[in-house]
Amino acid sequence: IENLRRPFKLIITDLDDSLVLGRAEDDQAFEPETKALVSRLRGLGVQVAAATGGSLPYTMRRYGERLEDTGRAGQFLAVDGGGRGFKFDDQGRLHEDQPVWAVPVADSEDDVHRLIAIVEETVRQSAQEQGLDPARFAVVLPGSEGLPAKLTVSGVDPGPNQAMAQISQSQREQFAEAIRRRLAQEPAFTPPLGPRAGFRALHVHASSLAIEISRADKGEAVRRVLAELGISPEDTLVIADSAIDGPMFDA
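Count along the sequence shown starting at 1, add 856, and that's the number in our numbering.
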């Protein structure tokens, strides 16, 4: 901390493999040294926000619940690939039914069901083309109320060693590209040729653990947190480790 060239008012960081160990069990992911560093930063008046493709329950298990109450107070969690944001209150409590922002992956339940069907079909085809067992993969919803902010293609078995995490990044990219090509054929999910008010294209990213599909991205999370806190980009340090986090640096 002392060696930073300038003070920062906000540090916003990716979760897995940046703030916590990505493939560790929940109770071992948030290392004591990192926890102590977060507490020290908060003591110096620095805001610390986490941005992740994971769901809120996942993020709370691995990070939020393991912070001291004083360390949680006022902090932001951006989950579902930036599609939903939450803020701990002054007592360190988080109200799961009161997101600060929410960007649904589709405009209606019918569109969500249609999107799920398209992705499931495409994943089956791509798995077969890659010589993989399609039964090992599934489309997962984040489990939130209302329209979901994100769809995730993951392994059927839960945990950090699920099937999607065991294949190579190149194979995950093949899944993602197949989904992009398929969605490009769907007018409801494809950018129009001309301007269309309110239209938001879908992003399909291959992370180190899953394929994530959302309208928002982590850049949106950074912009939202900056606006909520009234902090400028110049006073913000972004920490991330993969291509999916690129929009965080562009925000």
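Backbone N, C-alpha and C define an ideal beta-carbon position, used for all residues, glycine too.
Buried versus exposed call for residue i [16 or more other C-beta atoms within 10 Å across all chains shown]
i            : result
residue 1009 : buried
residue 888  : exposed
residue 921  : exposed
residue 1024 : exposed
residue 1188 : The requested residue 1188 does not occur in the structure, where the chain is confined to residues 857 to 1107.
residue 813  : Since the displayed the chain opens at 857 and closes at 1107, residue 813 lies outside it and no answer follows.
residue 1046 : exposed
residue 915  : buried
residue 973  : exposed
residue 931  : buried
residue 982  : buried
residue 892  : exposed
residue 926  : exposed
residue 980  : exposed
residue 951  : exposed
Cβ-based neighbour list, residue i, same chain, cut-off 7 Å, excluding 5 preceding and 5 following
i            : result
residue 1018 : 1010, 1011
residue 967  : 1044
residue 870  : 907, 908, 1095, 1096, 1097, 1101
residue 1073 : 937, 938, 1059, 1103
residue 1077 : 907, 934, 938, 941
residue 895  : 924, 927
C-beta neighbour in chain D for residue i, strict 7 Å
i           : result
residue 896 : No chain D appears in the structure shown, which is made up of a single protein chain.
Cβ neighbours of residue i in the same chain (closer than 8 Å, five flanking residues each side left out)
i            : result
residue 953  : 1001
residue 1027 : 986, 988
residue 864  : 902, 1091, 1092, 1093
Which residues DSSP lists as bridging residue i, in chain order
i            : result
residue 876  : 872
residue 1011 : 993
residue 1093 : 867
residue 903  : 866
residue 1006 : 1070
Cβ neighbours of residue i in the same chain (closer than 6 Å, five flanking residues each side left out)
i            : result
residue 1105 : 1094
residue 957  : 941, 1080
residue 885  : 876, 877, 918
residue 866  : 903, 1087, 1092
residue 978  : 1034, 1035, 1038
Residue i: CB within 6 Å of a non-hydrogen atom of the ligand ZN
i           : result
residue 923 : The model depicted lacks the ligand ZN and carries no ligand whatsoever.
Within the segment 910-942, ranges of the beta strand (DSSP E) (whole runs, at least 3 residues): 932-935
Hey, is the segment 1032-1042 in contact with the segment 896-911, meaning 3+ C-beta pairs nearer than 8 Å? Touching, no, given that fewer than three Cβ pairs across the two stretches are closer than 8 Å.
Mind listing, in chain order, the continuous beta strand (DSSP E) runs of no fewer than 3 residues lying wholly within the segment 1016-1075? 1059-1062, 1067-1070
Between the segment 931-944 and the segment 910-921, do three or more beta carbon pairs fall short of 8 Å? yes
Is it a yes or a no for the segment 1084-1092 touching the segment 993-1007, going by three-plus beta-carbon pairs under 8 Å? No: fewer than three Cβ pairs fall under 8 Å.
Between the segment 1054-1072 and the segment 947-967, do at least 3 Cβ pairs fall closer than 8 Å? yes
Which complete alpha helix (DSSP H) runs does the segment 941-995 hold, if anything under 4 residues is left out? 965-985
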